[in-house]
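Visitor: Counting with our numbering, you get residues 3 to 195 for the letters of the sequence shown. So that we are looking at the same thing, I have put the structure below in structure tokens.
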Amino acid sequence: MAMLLLAERAPETADILVVGAGGGLELRAFAEAQPHCRFVGVDPSAEMLDLARRTLGPLQSRVELLQGYVDAAPTRPFDGATCLLTLHFLANDERLRTLREIHRRLKPGAALVVAHHSIPEDGDFARWFARSVAFSGGSSADIARASASAVTIAERLPVLSSDEDEAILREAGFSGVALFYAGLSFRGWVAIA
3 MAMLLLAERA
13 PETADILVVG
23 AGGGLELRAF
33 AEAQPHCRFV
43 GVDPSAEMLD
53 LARRTLGPLQ
63 SRVELLQGYV
73 DAAPTRPFDG
83 ATCLLTLHFL
93 ANDERLRTLR
103 EIHRRLKPGA
113 ALVVAHHSIP
123 EDGDFARWFA
133 RSVAFSGGSS
143 ADIARASASA
153 VTIAERLPVL
163 SSDEDEAILR
173 EAGFSGVALF
183 YAGLSFRGWV
193 AIA
């Protein structure tokens, strides 16, 4: 979904920024889907970047991996960007700063795709997060155990409501903010620089 949304606005030979590159699964999927694109992946964890190198294998020739946060990314204008499963770890001020820095690195009209935990309209994030945890465990998931661990984790994550998530994207300078995905405690948006 993310690559499809990026490709709507990016040229065939796009330069894409991936903030929170993690172990490289997202980068591998993008590189396989778009054989003429180049990618810059940024992540604070050296261990995750080592895993990303192994995950990418020969595709790494089109991917530059940088250790650090968004500030480690080149300031050249990118044709698109993603920040998947990352923003829910950041406090509001750091989230806004990160989104502004991504915006600063995008060409006008380029798309940003974000997806992360977000509080659904009923406001009971712990319950929705427990459902996500249980779902990830498959058919053998222990619902009671998932609920107990979800409450502990949910209390530590600085998760915003869907309305707040959309507002912070706009405050960072993005327009055309549109929800493209909602599944249990996860929400995904595409926004335009």
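The C-beta atom is built at its ideal place from N, Cα and C for all residues, glycine as well.
Are three or more beta carbon pairs between the region 28 to 36 and the region 99 to 110 nearer than 8 Å?
Guide: No: the two stretches stay apart, fewer than three of their Cβ pairs being nearer than 8 Å.
Visitor: Apart from the five residues on each side of it in sequence, which residues of its chain come closer than 6 Å, Cβ to Cβ, to Val-192?
Guide: The residues are Leu-7, Ala-113, Val-115, Ala-180, Phe-182.
Visitor: Around the Cβ of Ser-138, are there at least 16 other Cβ atoms within 10 angstroms (buried) or fewer (exposed)?
Guide: Answer is exposed; the Cβ neighbour count stays below 16.
Visitor: What beta strand (DSSP E) runs, 3 residues minimum, are completely inside the region 126 to 194?
Guide: Segments of the beta strand (DSSP E) lying fully in the region 126 to 194: 177 to 185, 188 to 194.
Visitor: Between Ala-54 and Gly-22, is the Cβ-Cβ spacing less than 8 Å?
Guide: In this structure, Gly-22 does not lie closer than 8 Å to Ala-54 by Cβ.
Visitor: Classify Met-3: buried if its beta carbon has 16 or more other beta carbons within 10 angstroms, exposed otherwise.
Guide: Burial call: exposed.
Visitor: I'd like to check one pair, Leu-92 with Pro-160: are the Cβ atoms closer than 8 Å?
Guide: Closer than 8 Å, so yes.
Visitor: Judging by CA-CA distance, which residue of Asp-165, Glu-168, Glu-49, Phe-131 is the nearest neighbour of Leu-150?
Guide: A quick correction: the sequence has Ala, not Leu, at residue 150. The option with the nearest alpha carbon to Ala-150 is Phe-131.
Visitor: Give me, in chain order, the residues of the same chain whose beta-carbon lies closer than 6 Å to that of Leu-68; leave out the 5 immediate sequence neighbours on both sides.
Guide: Same-chain partners within the cutoff: Val-44, Ala-74.
Visitor: Can you tell me which of Ile-194, Ile-18, Leu-19, Ala-16 puts its alpha carbon nearest to the alpha carbon of Pro-110?
Guide: Out of Ile-194, Ile-18, Leu-19, Ala-16, Ile-194 has the C-alpha closest to the C-alpha of Pro-110.
Visitor: Closest to Arg-129 by CA distance: which of Arg-107, Glu-157, Leu-108 is it?
Guide: Minimum Cα distance to Arg-129 is reached at Glu-157.
Visitor: As a quick exercise: from Ala-136, Leu-29, Glu-123, Met-5, pick the residue whose alpha carbon is nearest that of Pro-60.
Guide: The shortest Cα separation from Pro-60 among Ala-136, Leu-29, Glu-123, Met-5 belongs to Leu-29.
Visitor: Can you name, in chain order, every residue of its own chain whose Cβ lies under 6 Å from the Cβ of Val-153, other than the five neighbours on each side?
Guide: Cβ neighbours of Val-153 beyond the five flanking positions: Ala-128.
Visitor: Please report the residue range of the beta strand (DSSP E) in which Glu-198 lies.
Guide: Absent from the structure is residue 198, since the part of the chain shown begins at 3 and ends at 195.
Visitor: So His-38 is in the beta strand (DSSP E); what residue range does that whole segment cover?
Guide: Looking at the DSSP string, His-38 is not in any beta strand (DSSP E), and its letter there is neither H nor E.
Visitor: I'd like the list of long-range same chain contacts for Glu-10, defined as Cβ closer than 8 Å, with 5 residues on each side in sequence excluded.
Guide: These residues qualify, in order along the chain: Ala-113.
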